[in-house]
Structures are given as structure tokens and as C-alpha cells.
Amino acid sequence: MLSLHKLHPPSALASRLRHRGPRTQPTCRRGFLTGLGTEFLDLALALPIPPSWPAYSTGIILVTLATRFAVLPVSIWSKNKARIVEEVIAPTIAKERSAVEKQVFDQMRLVDKITGDREFLINYHKSKCKEILTARRDELVAQHGCQTWKMMALPPLAQLPPFFLITMVLRQLSESPTVFDSEAFLTLSTLSHPDPTMVLPIVLGLVTMANVETSNLLMTATQKENMKKMEAQKEAMRAAGKVRVIEPGKYLKDALRGLSVVRILLASVMPGSVTLYWLTSATFGLFQTWVMDWADYRRRKALEAGAKMVPQSVPVVPATASRGLGKGPIVRQPTNASPGPRR
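For the sequence shown, position 107 matches number 107 in UniProt numbering, and the numbering has no gaps at all.
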């Protein structure tokens, strides 16, 4: 190590890498990564930073921040689409619900003239309302471009390509002979070897875990109340044993917790340059989550405060389809018959 420091200073090694002859049987992928690596080395040496700062470590951190800021608009777009669903689509469906319930009620009583037992009429009315409101919601979602798969898939699809590309470039730059042998950073003895103290890999796992666990930390009183109601409904469904409750959010959180452990194991064998890149990217993601969650929290608080100040009129509509439908003779609906016998 000392001989490498003495015989090959960073600038000389960088020059050797830039003017190195072609390998035998080169591949396009190797040449592309080598070109990107050379550009990164030139950029790191050209940065206007104090001489006491580690050039390559600073370059890795700055490149990471630049790429994360470059794809940040995609995450902001996804958040804005979620805000449209919450502030535009959901209130529209809530306003139209009463009119839809009355429309279905009148359709059943005056047009279709459906009769049956009380339970059948209630279930039929609910299913019809749900069908109409679901179609209306799908129409609004398509109109505003707020499809769930877009909001969930586009941010990762924008972040993963540069993540894997930079990881491959840094890993190739860490192969001997490399200028990364001449620089240490924090607990890394060199940027080309794994962290011997395991501090950075463990911090990486903790940051990844914090990003998962603090995602729902900022919640308004209404959100907490709604979550408690949903949990109570799920527990009731489990107790009844009629419907299997599927919680994709819970499965996703468990998978991300497992990813935190996997990242610790991978970072323990990766070069220090790759570990530093992963840690910087994860830290940026954690602060990004906190800032966006804080903005959402303040927005929801303002909406709830405004909703409390505006008096709401309660429309007089039939609560269920059983009212007014039971005036005639009640005919029990057979279990194997098609819903709603017509007269």
C-alpha cells in the first residue's frame, strides 16, 4: 500500500488508466463502462474543492446527489397524482354517492320493480351502487392520469437504471490497479476494498430500515382514526373467517425490511466506493421521504381545518334499499336465482 502511494500518485495512476491500451477481446459493455469511469475520474480531479478533501469520495457523493436530483421530478409527479386522487377524485365520488344511491333506489322501485327479502334488497342495492361508483372512479382516474400502477412503478423505474449503472462503473473502477487505492474515507481504508469495520454497511441497513419504518410517522388525527377503523374491520373479517384479508402494504413493508438486511450483507463484500454510493443514495431517499411526508402532513392538516369550518348539509336520501321497498308482498329471493326477479 505504501509503495503504491509513493510510486504512483493519484494523478499518475489516473493518467495510466486514461491512456491504457485496449484489452484483448474487448466488449461493448466493458468499453462503455470504462469510458464512463474515465469521465468520472476526470470530473473528480477537476472539482473545485479544497485540497484536503478526498477527491474521489467527494466526486461519488456529488454524482449521487446529482442523479437523485435529476430523477426527483418523477417522485414529485407521483406525489402530485396521489394528491389529486385524495383532493379531487375522492371528494367527487363522495359527493356523487348520495345521488347514485337515490338513482339506484328509484331504478329498483319504479323501473325494475324488484322485490325480495330485506337482505337481498340491501345487498343488491349495495352491489349496484358499488358498480356505478367504481366505474365513475375509474373514469376520473383515467381522466387525470392517476392510475395506481403509474404512481407505484414510474419512480422506481426512473431510479433503478442510474443506480445499477453507477454501481457497475464504481465496481469496475475499484479493480486493481486503481487510483481508489490511494484514498481513504471515514472508516474505509481504501475505496477499492470493503469496509473492514462494517460501520458503513450497518449504517446503510439502518438508513434503509428508517426509510421503511418512518413512512407513516406523520399522520393526522383523521388518518389515525381511519386506520383504526380499517384495522377493526380487518379483525372482524378475520374473526368471521369468511374472507381472507390480503394486506399488500404489510407484505411490501416486510420485503423492504428484509432488503435492509440484504443490503448490509452485500455492502460488506462490495468495494468501499460502491458502499459509499449506496449509503449516500439511501440517505438522500430518507430525507426525501421526510420532506414529502411533512408537506403532505401540513396539507392534510390544512384541509381538515378548512373542512371543519365549512358547514356541511346532510342530504335526505334512503339509507338502504329496504325502506320503501317492503310495502308490497315480500318474496324471498332463492339463493341460486339471478338477482332481482322482474315482474
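Beta carbons: idealized from backbone N, C-alpha and C, even for Gly. Values in this document were obtained by computation on a predicted structure and should not be read as measured data.
Cα-Cα separation between residue i and residue j, rounded to whole angstroms
i: leucine 279; j: serine 98; result: 51 Å
i: lysine 81; j: aspartate 117; result: 43 Å
i: serine 174; j: serine 273; result: 7 Å
i: threonine 148; j: threonine 214; result: 22 Å
i: isoleucine 166; j: aspartate 42; result: 15 Å
i: serine 303; j: threonine 289; result: The residue you asked about is not serine; residue 303 is leucine in the sequence shown. C-alpha separation (whole angstroms): 21 Å.
i: cysteine 138; j: cysteine 146; result: Checking the sequence shown, residue 138 turns out to be aspartate, not cysteine. Taking the straight line joining both Cα atoms gives about 9 Å.
i: threonine 115; j: glycine 285; result: 58 Å
i: arginine 136; j: isoleucine 84; result: 15 Å
i: valine 74; j: glutamate 86; result: 19 Å
i: methionine 301; j: aspartate 293; result: This sequence places lysine at residue 301; methionine is not what is there. Taking the straight line joining both Cα atoms gives about 12 Å.
i: serine 192; j: alanine 46; result: 21 Å
i: histidine 144; j: lysine 126; result: 27 Å
i: isoleucine 76; j: phenylalanine 40; result: 28 Å
i: proline 48; j: arginine 68; result: 21 Å
i: arginine 109; j: alanine 210; result: 55 Å
i: threonine 320; j: glutamate 225; result: In this predicted model, threonine 320 has a pLDDT of only 38, less than 50, meaning its place in the structure is not dependable enough to derive any value.
i: leucine 156; j: alanine 70; result: It should be noted that the sequence gives proline, not leucine, for residue 156. Straight-line Cα distance between these residues: approximately 13 Å.
i: lysine 150; j: proline 91; result: 21 Å
i: valine 199; j: lysine 95; result: 54 Å
i: serine 52; j: lysine 228; result: 54 Å
i: methionine 230; j: lysine 113; result: 35 Å
i: arginine 299; j: phenylalanine 105; result: 37 Å
i: glutamate 119; j: glutamine 107; result: 18 Å
i: residue 347; j: glycine 59; result: This structure leaves residue 347 out entirely; the chain is present only between 1 and 343.
i: leucine 121; j: alanine 305; result: 39 Å
i: alanine 232; j: leucine 33; result: 54 Å
i: threonine 38; j: proline 50; result: 22 Å
i: valine 317; j: tyrosine 297; result: Below a pLDDT of 50, predicted positions are generally treated as unreliable, and valine 317, at 39, falls in that range; the measurement from the model is reported next regardless. Their backbone Cα atoms lie some 34 Å apart in a straight line.
i: tyrosine 124; j: alanine 158; result: 44 Å
Reference residue i, options the options, closest by Cα
i: serine 57; options: Glu101, Leu286, Ala135 and Leu276; result: Leu276
i: arginine 171; options: Ala153, Pro201, Pro194 and Ile84; result: Pro194
i: isoleucine 61; options: Arg300, Thr283, Ile89 and Trp294; result: Thr283
i: leucine 72; options: Arg136, Val291, Gly31 and Tyr297; result: Val291
i: alanine 295; options: Leu218, Glu225 and Ala232; result: Leu218
i: valine 100; options: Glu131, Pro156, Ala305 and Arg299; result: Glu131
i: cysteine 129; options: Gln103, Leu160 and Lys113; result: Gln103
i: leucine 160; options: Gly31, Ile122, Thr64 and Arg299; result: Thr64
Cβ-Cβ separation, residue j to residue i (assumed contact under 8 Å), whole Å
i: leucine 133; j: isoleucine 93; result: 6 Å
i: serine 78; j: leucine 140; result: Not confirmed; about 18 Å, so no contact.
i: arginine 263; j: threonine 208; result: 6 Å
i: lysine 250; j: valine 212; result: Actually they are not in contact, since the Cβ atoms of lysine 250 and valine 212 sit about 12 Å apart, beyond 8 Å.
i: alanine 55; j: alanine 44; result: 5 Å
i: valine 179; j: leucine 36; result: Between leucine 36 and valine 179 the Cβ distance is about 15 Å, and since that is not below 8 Å, they are no contact.
i: phenylalanine 163; j: serine 281; result: 7 Å
Any C-beta of chain D under 9 Å from that of residue i
i: threonine 67; result: Chain labels in this structure do not include chain D; a single protein chain is all it has.
For this session: Decide if the segment 259-274 is in contact with the segment 179-191; the criterion is three or more beta carbon pairs, one per stretch, under 8 Å apart.
Result: Segments in contact, yes.
Problem set entry | Segments of 3+ residues assigned as beta strand (DSSP E) that fall wholly inside the segment 29-105 | Counting only runs of 3 or more, we get nothing.
Problem set entry | At least 3 beta-carbon pairs within less than 8 Å: the segment 203-213 vs the segment 251-267 | The segment 203-213 vs the segment 251-267: in contact.
For this session: Determine contact between the segment 175-185 and the segment 253-261, defined as no fewer than three beta-carbon pairs at a distance below 8 Å.
Result: no
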